Amino acid sequence: MKSMFRRGLAAGILAALTVSMGLYAQDFKIGTRTVQVHGFGTQGFIHTNDNNWLTMNTSGVGSGAFTDVGLNMGMQVTDNVRVAGQFYDRKLGKLGDWEPLMDWAMADYRPKPWLGFRAGKVKTVLGLFTDSQDMDFNNTFALMPQSVYPIDLRDSTIAHEGGDIYGKAKLPNKLGSLSYAAYGGRRADNMHSGYPYLLGGYGITLSSYGGPVFGGDLRWQTPLRGLKVGASRLNQIITGKGAFAGGPYEEHSKHDWTNQYYGQYTANKFHIESEYKRYLRDQIIFNGTAEIETDVRGCYVSGGYRINKWVEAGSYFSHYRVYPGGYTATTYPEATTHDYDKVVTGKFTINQYFTVKAEGHFMDGNGSALYPDGFYTAVNPTLAANTIGLVVRTGFSF
Amino acid sequence: MKKILLTLVVVFGSLLLAAQAQAQVVVIANPSIKSADVSKNDLRDVFTGGSSSIGGSNATPVLLKAGATSDEFLTVFIGKNDSAFRAGWRSLVFSGQASMPKTVDSETAMVDFVTRNAGAIGYISKATPHEGVKVLAVR
Numbered sequence: 003m004k005s006m007f008r009r010g011l012a013a014g015i016l017a018a019l020t021v022s023m024g025l026y027a028q029d030f031k032i033g034t035r036t037v038q039v040h041g042f043g044t045q046g047f048i049h050t051n052d053n054n055w056l057t058m059n060t061s062g063v064g065s066g067a068f069t070d071v072g073l074n075m076g077m078q079v080t081d082n083v084r085v086a087g088q089f090y091d092r093k094l095g096k097l098g099d100w101e102p103l104m105d106w107a108m109a110d111y112r113p114k115p116w117l118g119f120r121a122g123k124v125k126t127v128l129g130l131f132t133d134s135q136d137m138d139f140n141n142t143f144a145l146m147p148q149s150v151y152p153i154d155l156r157d158s159t160i161a162h163e164g165g166d167i168y169g170k171a172k173l174p175n176k177l178g179s180l181s182y183a184a185y186g187g188r189r190a191d192n193m194h195s196g197y198p199y200l201l202g203g204y205g206i207t208l209s210s211y212g213g214p215v216f217g218g219d220l221r222w223q224t225p226l227r228g229l230k231v232g233a234s235r236l237n238q239i240i241t242g243k244g245a246f247a248g249g250p251y252e253e254h255s256k257h258d259w260t261n262q263y264y265g266q267y268t269a270n271k272f273h274i275e276s277e278y279k280r281y282l283r284d285q286i287i288f289n290g291t292a293e294i295e296t297d298v299r300g301c302y303v304s305g306g307y308r309i310n311k312w313v314e315a316g317s318y319f320s321h322y323r324v325y326p327g328g329y330t331a332t333t334y335p336e337a338t339t340h341d342y343d344k345v346v347t348g349k350f351t352i353n354q355y356f357t358v359k360a361e362g363h364f365m366d367g368n369g370s371a372l373y374p375d376g377f378y379t380a381v382n383p384t385l386a387a388n389t390i391g392l393v394v395r396t397g398f399s400f
Numbered sequence: 025m026k027k028i029l030l031t032l033v034v035v036f037g038s039l040l041l042a043a044q045a046q047a048q049v050v051v052i053a054n055p056s057i058k059s060a061d062v063s064k065n066d067l068r069d070v071f072t073g074g075s076s077s078i079g080g081s082n083a084t085p086v087l088l089k090a091g092a093t094s095d096e097f098l099t100v101f102i103g104k105n106d107s108a109f110r111a112g113w114r115s116l117v118f119s120g121q122a123s124m125p126k127t128v129d130s131e132t133a134m135v136d137f138v139t140r141n142a143g144a145i146g147y148i149s150k151a152t153p154h155e156g157v158k159v160l161a162v163r
């Protein structure tokens, strides 16, 4: 019944998107103020030669259980005040499960270019693309580099309930500009996300997962037009609660932080970017009886070139490695501690509303040890070391 | 046969020249924007959501619906095609960083809107009458 309701709601959002697009009814008035309505949606298909990927049954004929939709509304209240929010819903194999989410909803007050405030459920600024990873129409790739932007763990960093201080200031002597964001609040994961799903494979059923988060981002738009570099930091104090073997289960953070460093260069038809992310989580698990440290290090180099107004070619190399603290290499075979993904993509922009992407993934390793990285033992009784995947993804936005 | 080819070359050449002559875009602004000119970089920043001021004055971009004038403006001053340009704005909208700029249907409507709204900055073809707005030189 609940599933039917979710599907119905998702169908409703899709219908609203379609009607909005068809009628170009993209805004309405509240008093004298205009409320803008925008939306996006994607439908993907993935086939792999081996291993089921991203909780889908991809290794047979493939899987199309790869859909997401978003509906966005925003209103400029005054020159300096804006309110906006977005619903989001997705189905990614066993994840998402069509449970509609208030993705983010916030009020934004920006009295000066160098000083602004956001409050509510706010998108988290972390690296180049955390806050824009869902915007398939604007990304070259069907799947962002999974070492830094794992789609199965989207919920864990996408937004926080709290507030931001942010701004952008020009530097003297034509040294470019600096943008900053500092934030604090609380994270609350959806129970249809990758980490709860992973624990489910070990018989643990989580009922809540989240806690206080705080962090910041500083980026420098250099004097060389199109070149920016930056760094982000995220600290978290996470508690997970649920049930295990007929009793209660709890885990909590001892240390939980992320450092992310990045650079991007864009010039007319060309872009290249690279990021390095280190995520360290030291968790007290099984109701305080054990401690486990997971040190995840990911990086990638990606680039794209727009051949003409319809076609863009892109490629990336994504490097993921997990270092399980306190465990020997014999406990975790080499293939389970890394995933090196070589990717080639063709992006076809039909018009300003529609895109189609076709992408090849050539993965060495499955990174399945300890922390989610796309390959879950729950849908892979045995895991092969390497995987080749084809991803096709169509998207629209308005 | 040669005559036909020559005629085609002359016709297409004339059309090309006519198109180039027609496609001259000027940047217009509400007089509340104090500057008489704007750098290409600052103009690009305003029209891609990276900045909301020109020379210390508030600046709000106004877009023209897709067409020759819009295409030329985006190509020459912004360095993007229409799809990529609008996708960039939608990206800001979906991440909560901005609202989509107002889009007007015609160049006359553009002049009218820019005249009536403080801080508005837009673009039209040179031939369009533009009383009530100032033309910004682009450095």
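Protein chains in written order, with the numbering used here: chain A, 3 to 400; chain B, 25 to 163. Glycine included, every Cβ here is placed at the ideal spot set by N, Cα and C. Quick caveat: nothing in here was measured; it's all calculated off a predicted structure.
Who pairs with A:T80 in a beta bridge, going by DSSP? Taking the first sequence and counting its residues from 1, one reaches residue 80 of chain A at position 78. Per DSSP, none; premise fails for A:T80.
Pick helix, strand or coil for A:W55, following the three-state DSSP scheme. Against the first sequence, residue 55 of chain A aligns to sequence position 53. Note: A:W55 maps to coil in three-state DSSP.
When we look at the beta-carbon of A:D81 and count the other beta-carbons within 10 Å, is it buried (16 or more) or exposed? Locating residue 81 of chain A in the first sequence gives position 79, counting from the first residue. A:D81 comes out exposed.
For B:H154 and B:S75, what's the separation of their Cα atoms in angstroms? Taking the second sequence and counting its residues from 1, the one referred to as residue 154 of chain B is at position 130. Taking the second sequence and counting its residues from 1, the one referred to as residue 75 of chain B is at position 51. Whole-angstrom Cα-Cα distance: 25 Å.
Determine the direct distance from the alpha carbon of A:T268 to that of A:L220, and round the result to whole angstroms. Numbered from its first residue, the first sequence carries residue 220 of chain A at position 218. Numbered from its first residue, the first sequence carries residue 268 of chain A at position 266. Cα-Cα distance, rounded: 19 Å.
Determine the direct distance from the alpha carbon of A:A315 to that of A:Y325, and round the result to whole angstroms. As a first step, residue 325 of chain A must be located in the first sequence, where it is residue number 323. As a first step, residue 315 of chain A must be located in the first sequence, where it is residue number 313. When the Cα atoms are used, A:Y325 and A:A315 turn out to be separated by approximately 33 Å.
Spatial neighbours of A:A86 in its chain, beta-carbon cut-off 6 Å, leaving aside the 5 residues before and after: Taking the first sequence and counting its residues from 1, one reaches residue 86 of chain A at position 84. G76, listed in sequence order.
Span of the beta strand (DSSP E) holding A:E314? As a position in the first sequence, residue 314 of chain A is number 312, starting the count at 1. First-last of the beta strand (DSSP E) with A:E314: V313 to G327.
Beta-ladder partner(s) of A:P250, from DSSP: Position 248 of the first sequence, counted from the first residue, corresponds to residue 250 of chain A. Its beta-bridge partners are A:A245.
Taking Cβ-Cβ distances below 7 Å as the criterion, which residues of the stretch 111–123 of chain B are in contact with chain A? A111, G112, R114, S115, V117, F118, S119, G120 and S123
DSSP three-state assignment for A:Y264, whether helix, strand or coil: Reading the first sequence from its first residue, position 262 is the one you call residue 264 of chain A. Strand.
If the criterion is Cβ atoms closer than 7 Å, does the pair B:V162 and B:K64 meet it? Residue mapping note: residue 162 of chain B aligns to position 138 of the second sequence, counting from 1. Residue mapping note: residue 64 of chain B aligns to position 40 of the second sequence, counting from 1. In this structure, B:K64 lies closer than 7 Å to B:V162 by Cβ.
Taking all protein chains shown into account, do 16 or more other C-beta atoms lie within 10 angstroms of the C-beta of A:R120, making it buried, or fewer, making it exposed? Here residue 120 of chain A refers to the residue found at position 118 when the first sequence is read from its first residue. Buried is the call here.
Counting only Cβ pairs nearer than 9 Å, list the residues of chain A close to B:N65. Taking the first residue of the second sequence as position 1, residue 65 of chain B is located at position 41. Here the neighbours are R227.
Using a Cβ-Cβ cutoff of 7 Å, what residues of the stretch 29–44 of chain A are near chain B? List them in chain order. Q38, H40 and F42
Give the range of the alpha helix (DSSP H) segment to which B:L116 is assigned. Position 92 of the second sequence, counted from the start, is the residue given in the question as residue 116 of chain B. Run containing B:L116: D106 to F118, per the alpha helix (DSSP H) assignment.
Here's a check: name, in chain order, each residue in its chain whose Cβ is nearer than 8 Å to the Cβ of A:L180, leaving out the five neighbours to either side. In the first sequence, residue 180 of chain A corresponds to position 178, counting from 1. Around A:L180: K170, A171, L173, L220, R221, W222 and Q223.
Which class does A:S255 belong to by DSSP, given the choice of helix, strand or coil? Your numbering for residue 255 of chain A matches position 253 in the first sequence. Strand, per DSSP.
Collapsed DSSP secondary structure at A:A184 in the structure displayed: Translated into positions along the first sequence, residue 184 of chain A becomes position 182. The three-state reading of DSSP puts A:A184 in strand, counting E and B together.
Proximal residues to B:D129 (C-beta, below 6 Å), its chain only, five neighbours per side dropped: Translated into positions along the second sequence, residue 129 of chain B becomes position 105. Hits under 6 Å: K89.
Can you tell me whether B:A45 is helix, strand or coil according to DSSP? Along the second sequence, read from residue 1 onward, the residue named residue 45 of chain B stands at position 21. Its pLDDT being 41, under 50, B:A45 is placed unreliably in this model, and the coordinates cannot settle the point.
Could you pull the start and end residues of the beta strand (DSSP E) that A:G104 belongs to? As a position in the first sequence, residue 104 of chain A is number 102, starting the count at 1. Inspection of the sequence shows that residue 104 of chain A is occupied by Met rather than by Gly. Segment L103 to K114, the beta strand (DSSP E) holding A:M104.
Boundaries of the alpha helix (DSSP H) in which A:L200 is found, first to last residue: Taking the first residue of the first sequence as position 1, residue 200 of chain A is located at position 198. Looking at the DSSP string, the run of the alpha helix (DSSP H) that includes A:L200 is G196 to G202.
Extent of the continuous alpha helix (DSSP H) run through B:L67: Here residue 67 of chain B corresponds to residue number 43 of the second sequence, with the count starting at 1. Counting along the chain, the alpha helix (DSSP H) containing B:L67 begins and ends at K64 to F71.
Does the Cβ-Cβ distance between B:M124 and B:V135 come in under 7 Å? Here residue 124 of chain B refers to the residue found at position 100 of the second sequence. Here residue 135 of chain B refers to the residue found at position 111 of the second sequence. Going by C-beta atoms, B:M124 is not nearer than 7 Å to B:V135.
From A:L236 to A:A190, what distance separates their C-alpha atoms? Within the first sequence, the letter at position 234 stands for residue 236 of chain A. Within the first sequence, the letter at position 188 stands for residue 190 of chain A. Approximately 15 Å between the Cα atoms of the pair.
Would the beta-carbon of A:D105 fall within 7 Å of that of A:Q88? Residue numbering aside, residue 105 of chain A sits at position 103 when the first sequence is read from its first letter. Residue numbering aside, residue 88 of chain A sits at position 86 when the first sequence is read from its first letter. Yes.
Indicate whether at least one CB of chain A lies closer than 7 Å to the CB of B:N105. Taking the second sequence and counting its residues from 1, the one referred to as residue 105 of chain B is at position 81. By this cut-off, B:N105 is an interface position.
Note down, in chain order, each residue of its chain lying with its Cβ closer than 7 Å to the Cβ of B:K157, except the 5 sequence neighbours on either side. The count along the second sequence starts at 1 and reaches residue 157 of chain B at position 133. The residue asked about is misnamed: residue 157 of chain B is Val in this sequence, not Lys. The answer, listed in chain order, is I52, A53, N54, V135, V138 and T139.
Span of the beta strand (DSSP E) around B:A60: Position 36 of the second sequence, counted from the start, is the residue given in the question as residue 60 of chain B. No beta strand (DSSP E) holds B:A60; DSSP gives it neither H nor E.
For A:R156 and B:A142, I'd like the C-alpha separation in whole angstroms. Along the first sequence, read from residue 1 onward, the residue named residue 156 of chain A stands at position 154. Along the second sequence, read from residue 1 onward, the residue named residue 142 of chain B stands at position 118. For A:R156 and B:A142, the distance between alpha carbons rounds to 41 Å.
Under a Cβ-count criterion, where at least 16 other Cβ atoms within 10 Å of its own Cβ denotes burial, should A:G212 be classed as buried or exposed? One-based indexing of the first sequence puts residue 212 of chain A at position 210. When all chains shown are included, A:G212 counts as buried.
Got a sec, what are the start and stop residues for the alpha helix (DSSP H) A:I48 sits in? On the first sequence, residue 48 of chain A is found 46 positions in, with the first residue counted as 1. No alpha helix (DSSP H) contains A:I48, which is instead part of the beta strand (DSSP E) from R35 to T50.
On a Cα-Cα basis, can you pick out the residue from A:D91, A:N140, A:T60 and A:G118 that is closest to B:S107? As a first step, residue 107 of chain B is located in the second sequence; it is residue number 83 there, counting from the start. Cα-wise, what sits closest to B:S107 is A:N140.
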